[in-house]
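9 is the number of the first residue of the sequence shown in our numbering; add one for each residue after it.
For reference, the structure is listed below as structure tokens.
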Amino acid sequence: MQFVNAGLHAPEIPNRLQKISEVSQYNTAYIKRQSKKSLEILC
């Protein structure tokens, strides 16, 4: 049963990793936009 369970859960792992990387890319873009805005305000 262990092997069957491992086989079922294996495809979920890359999907989760992809979601995480998408979220972190979005966060990075957001932070860059925010810092650009705050720089414009300071100038």
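Beta carbons: idealized from backbone N, C-alpha and C, even for Gly.
For glutamine 26 and lysine 40, I'd like the C-alpha separation in whole angstroms.
21 Å
How long is the line joining the alpha carbons of glutamine 33 and serine 43, rounded to whole angstroms?
15 Å
CB-CB under 6 Å to leucine 47, same chain, minus the five flanking residues each way: which ones, in chain order?
none
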